[in-house]
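As structure tokens, the structure follows; a few thoughts come after it.
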Amino acid sequence: MALARLGGARRPENYTWPGFVDALATLLMVIIFVLLVFVLI
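Heads up, the sequence shown is in the working numbering, so the first residue is 61 and it goes up one at a time.
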């Protein structure tokens, strides 16, 4: 119950954080993929 209320109280300015984390994770995966390609070739 408390978690549902906490999730509903989210403000719109907090929506930049998930996008930042998603971009950071994508960048990390791309760097790992490029390093993997350079190591295998």
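The beta-carbon is built from N, C-alpha and C at its ideal position, and this holds for glycine as well. Since we're looking at a predicted model, the values are computed, not measured.
- In the structure shown, the three-state DSSP call for I101 is coil.
- Spanning the alpha carbons of F80 and L100 requires a straight line of approximately 30 Å.
- Straight across, the Cα-Cα distance linking D82 with L95 is about 20 Å.
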